[in-house]
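To start, the structure itself, in structure tokens.
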Amino acid sequence: MGARGPRTENDRLWIGYLSAGAVVMFAYYLVPPVGAGAGIRITLYCLLSASAAVMVLYGVFRHRPRPRLPWLLLGLSQVVYAAADTSFYVAHYAFGNLDYPGVADPLYVAHYPLVVAGLMMLIRRRTPGRDLPGVIDAAVISVGAAMLSWVYLIAPNARLDAPVVVKAFSLAYPVLDLLMLTVALRLILGGGRRPGSFWLLTFNMLAFVAADTMYVAQQLAGTYETGNFLDAIWLAGNLALGAAALHPTMARLTDPSPVRDAGIGPARIAALTGAALIAPVTLYVQSARGDLRDIPVIALACALLFGLTIARLAGLVSDQRRLAITDALTGLHTRRFFEAQLPIEVARARRAGGSLAVFIVDVDHFKSINDRYGHPAGDQALIEIAARLRGAARGGDVLARYGGEEFALLVPEAALSELSTIAERLRMRVASSPVALSEDTWIAVTVSVGAACFPLHGDSPNELVATADRAMYVAKARGRDQVVVGEAVATSTAVVTDHTAMIDYLSHVADEVDALLHANEHSLAISRWALTLVTALGQDEATARNAELAGRLHDIGKIVIPEAVLTKPTALTEDEWRLVRQHPEYGYRLARMVPGFGVVADIIRQHHERYDGTGYPSRLVGNGIRVEARVLSVCDSWAAMLVDRPYQPALTVDAAAEQLRQGRGTQFDPDVVDLFLDLLRRGQVGDLKKPTELTPEQWS
Numbered sequence: 001m002g003a004r005g006p007r008t009e010n011d012r013l014w015i016g017y018l019s020a021g022a023v024v025m026f027a028y029y030l031v032p033p034v035g036a037g038a039g040i041r042i043t044l045y046c047l048l049s050a051s052a053a054v055m056v057l058y059g060v061f062r063h064r065p066r067p068r069l070p071w072l073l074l075g076l077s078q079v080v081y082a083a084a085d086t087s088f089y090v091a092h093y094a095f096g097n098l099d100y101p102g103v104a105d106p107l108y109v110a111h112y113p114l115v116v117a118g119l120m121m122l123i124r125r126r127t128p129g130r131d132l133p134g135v136i137d138a139a140v141i142s143v144g145a146a147m148l149s150w151v152y153l154i155a156p157n158a159r160l161d162a163p164v165v166v167k168a169f170s171l172a173y174p175v176l177d178l179l180m181l182t183v184a185l186r187l188i189l190g191g192g193r194r195p196g197s198f199w200l201l202t203f204n205m206l207a208f209v210a211a212d213t214m215y216v217a218q219q220l221a222g223t224y225e226t227g228n229f230l231d232a233i234w235l236a237g238n239l240a241l242g243a244a245a246l247h248p249t250m251a252r253l254t255d256p257s258p259v260r261d262a263g264i265g266p267a268r269i270a271a272l273t274g275a276a277l278i279a280p281v282t283l284y285v286q287s288a289r290g291d292l293r294d295i296p297v298i299a300l301a302c303a304l305l306f307g308l309t310i311a312r313l314a315g316l317v318s319d320q321r322r323l324a325i326t327d328a329l330t331g332l333h334t335r336r337f338f339e340a341q342l343p344i345e346v347a348r349a350r351r352a353g354g355s356l357a358v359f360i361v362d363v364d365h366f367k368s369i370n371d372r373y374g375h376p377a378g379d380q381a382l383i384e385i386a387a388r389l390r391g392a393a394r395g396g397d398v399l400a401r402y403g404g405e406e407f408a409l410l411v412p413e414a415a416l417s418e419l420s421t422i423a424e425r426l427r428m429r430v431a432s433s434p435v436a437l438s439e440d441t442w443i444a445v446t447v448s449v450g451a452a453c454f455p456l457h458g459d460s461p462n463e464l465v466a467t468a469d470r471a472m473y474v475a476k477a478r479g480r481d482q483v484v485v486g487e488a489v490a491t492s493t494a495v496v497t498d499h500t501a502m503i504d505y506l507s508h509v510a511d512e513v514d515a516l517l518h519a520n521e522h523s524l525a526i527s528r529w530a531l532t533l534v535t536a537l538g539q540d541e542a543t544a545r546n547a548e549l550a551g552r553l554h555d556i557g558k559i560v561i562p563e564a565v566l567t568k569p570t571a572l573t574e575d576e577w578r579l580v581r582q583h584p585e586y587g588y589r590l591a592r593m594v595p596g597f598g599v600v601a602d603i604i605r606q607h608h609e610r611y612d613g614t615g616y617p618s619r620l621v622g623n624g625i626r627v628e629a630r631v632l633s634v635c636d637s638w639a640a641m642l643v644d645r646p647y648q649p650a651l652t653v654d655a656a657a658e659q660l661r662q663g664r665g666t667q668f669d670p671d672v673v674d675l676f677l678d679l680l681r682r683g684q685v686g687d688l689k690k691p692t693e694l695t696p697e698q699w700s
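Numbering (full-length UniProt numbering), first residue to last: 1 to 700.
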């Protein structure tokens, strides 16, 4: 990014220039083009045309864009164009020379290559990488415009019985205008910021193309007259170019484009649709007129537009696939992709008798970065950390953003002896140099890394991740900026029968959350109902036990949410809701700390998923949600509906039952709802007790 000059009152100079230019243009049309008025007209027109070149050169000096060459080429093109204007209007007004082509026409033609070269350099700077969607979109509109130009301008001029030089210039203008339009569309539809100077430059290009096209059409029809309305369009384009160079955002026009958004807005869809329909509509018009001479050209345009449309659709599909597995901020894989890839790699390692390593990397003291420097600075830190981790990973590794400030790395064929080396390489790469949060703010950033290896540290994806996660927390407990390799597991059971102290602690956390939010029992009731429902569904004992444990602990993640947000008596803001919606993720991470608790942790993470796929955090659909989580969703909603909440009073049993029925197939699994209501009628679920009605054994 180039250096910026100090901001002064001259930053508004572009407005004054446009205002003064508008006054001069108005005066141009007031002066009669006869006698002394002809000289005044020549002076006013050429003054405005030349002023644009002067303003471009002054803007380069004033704002110091980097590189300067694109703007210098645009300024030089305007010098040539002003010289052409001067010779044209002097010949017409002073000498009455109406010959075509005249002395001015070679100069007009000569300015096009300079404009195209300047625009191409701007495009190259703004979108240094590939921007295939922008190229295709520009090509679609250009093909439509080229076909129209051929049918109504180029071909009629080529068929004229006129001298070769007349035909040459009559063809040169539409062809060169098409070239400039194509490059202009590439700039307009490409990536990059769109400040005020961008729109002024866009207007300049489109005004010239429009006026030149109408000029050729009028010459073809023999209706062109010097000083008609086309002069206003040309002059407005000149003024827009000068104003673009004077605009304070001129130097930022060459800033590289940020990460491209793969979406396509309604305005672009409308433009592309219109361009794609040009060829068939023209074919119909020409057929109705009985003019079939250009049918092959129109057919070729239809084929090109069809091919470009298919290419654009294929690109959109590819972009959507990429976005589905790519984190928007860091460009790494998403957690969903990592969790889908991990079982595949585990199965592959098991079949081949090989190994597989999992690393969990957490940024130390990341909250303090957000609190001290703001969330944009925190995002910038994550982008840089992701880039450094990517540089430390191998080509075949899977690197993902696993959480807010947490990353995960999957390394196939990594043996136990390599874990410490790889983890240390990750840690050192992040800590190697300060991270830039802004141009003048640099901070030291460290990470804690936990590592686990298949099959030593676990036989399933959940066990591997849980072991690596526990190791990462051990690294933090040892003072952060550490590497810890996990401990080997002796067995791989789905239900935990040991680690009683850890489970008791999480149960205590659940009770704290319940005491804060509920007057009646909550997690205990949901645990009880979940066990009954899962058993009634015919699931095995292990599944029923997992559902019971997950019901007891499903809200433990809320312990991380600020109390002021959880107990807020008024409606939550969108940011507060976003914070609350993270509690399944927090609960998942807490539960995963218990060895062998991977299944329970997954249930906790999924209990706010919806049957129709609109839930959170992963938008799982239907049977893609664990059956225990589908059960918890119904039980949790029932418990919430029967108590007073800040945003909704308690419902009656009948009203709550009706809410469950309305949610069948959308929020809830229909089979679970039907079973819950059936058990409710039998009195086996749905009861909420006061804390005083609970025995010590029920609380434990």
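Glycine residues also receive a C-beta, built at the ideal position from the N, C-alpha and C atoms.
Predicted, not measured: the structure shown is a model, and the values here were computed from it.
- Taking a C-beta distance under 8 Å as the contact criterion, residue 201 and residue 241 qualify as a contact pair.
- Between residue 467 and residue 400, the CB-CB gap reaches or exceeds 8 Å.
- Between the beta-carbon of residue 537 and that of residue 409 there is about 38 Å, and that puts the pair past the 8 Å contact cut.
- Considering only 634, 456, 609, 23, the residue with the shortest C-alpha distance to residue 354 is 456.
- In the DSSP secondary-structure assignment, residue 401 is bridged to 407.
- Ranked by Cα distance from residue 325, the first of 286, 619, 337, 531 is 337.
- Bounds of any beta strand (DSSP E) do not take in residue 669, whose DSSP letter is neither H nor E.
- Taking a cut-off of 8 Å for Cβ pairs, the stretch 304–315 and the stretch 373–384 do not touch, as fewer than three such pairs fall below it.
- In terms of Cβ geometry, residue 557 and residue 587 form a close pair [threshold 8 Å].
- For residue 454, the uninterrupted beta strand (DSSP E) segment begins and ends at 447–454.
- The three-state secondary structure of residue 535, taken from DSSP, is helix.
- Ranking 106, 41, 58 by CA distance to the CA of residue 93 puts 41 first.
- Between residue 448 and residue 397 a beta carbon distance of about 19 Å is seen, past the 8 Å cut, so the two are scored as non-contacting.
- Straight-line spacing of the CA atoms in residue 649 and residue 570 works out to 13 Å.
- Separation of residue 515 and residue 523 (C-alpha to C-alpha, rounded to the nearest whole angstrom) is 10 Å.
- The three-state reading of DSSP puts residue 438 in strand, counting E and B together.
- Counting C-beta atoms within 10 angstroms of its own C-beta, residue 405 has 16 or more neighbours from the protein chains shown and is therefore classed as buried.
- DSSP, reduced to helix, strand and coil, places residue 133 within a helical segment of the structure shown.
- Distance from the Cα of residue 116 is smallest, within the candidate group 566, 235, 205, for 205.
- For residue 485, the uninterrupted beta strand (DSSP E) segment begins and ends at 483–485.
- In the structure shown, residue 172 adopts helical secondary structure according to DSSP, grouped into three states.
- Sequence-distant partners of residue 509 (beyond 5 residues in either direction) whose C-beta falls short of 6 Å from its own C-beta, in its chain, are 556, 559.
- For residue 388, the closest C-alpha among the options 403, 237, 167, 331 is that of 331.
- Taking 4 residues as the shortest admissible run, the stretch 513–576 contains the following complete alpha helix (DSSP H) segments, listed from N- to C-terminal end: 523–536, 541–553, 563–566.
- The three-state reading of DSSP puts residue 24 in helix, counting H, G and I together.
- In this structure, DSSP gives residue 363 an extended state, which the three-state scheme calls strand.
- Contact annotation: the stretch 265–284 does not touch the stretch 79–97, with fewer than three C-beta pairs closer than 8 Å.
- 170 is the residue among 170, 121, 64 whose C-alpha sits nearest the C-alpha of residue 102.
- Three or more pairs of CB atoms, one per stretch, sit closer than 8 Å, so the stretch 161–180 contacts the stretch 139–152.
- Judged by DSSP secondary structure, residue 462 falls within the alpha helix (DSSP H) whose first and last residues are 461–477.
- For residue 643, the secondary structure class from DSSP, reduced to helix, strand or coil, is coil.
- Partner residues in the beta bridge of residue 326, as assigned by DSSP, are 333.
- The stretch 600–608 makes contact with the stretch 626–637, as at least three CB pairs between them are under 8 Å.
- Just measuring C-alpha positions, the residue of 610, 118, 616, 567 sitting nearest residue 583 is 616.
- DSSP, reduced to helix, strand and coil, places residue 648 within a strand of the structure shown.
- In this structure, residue 256 lies near residue 126, with their beta-carbon atoms less than 8 Å apart.
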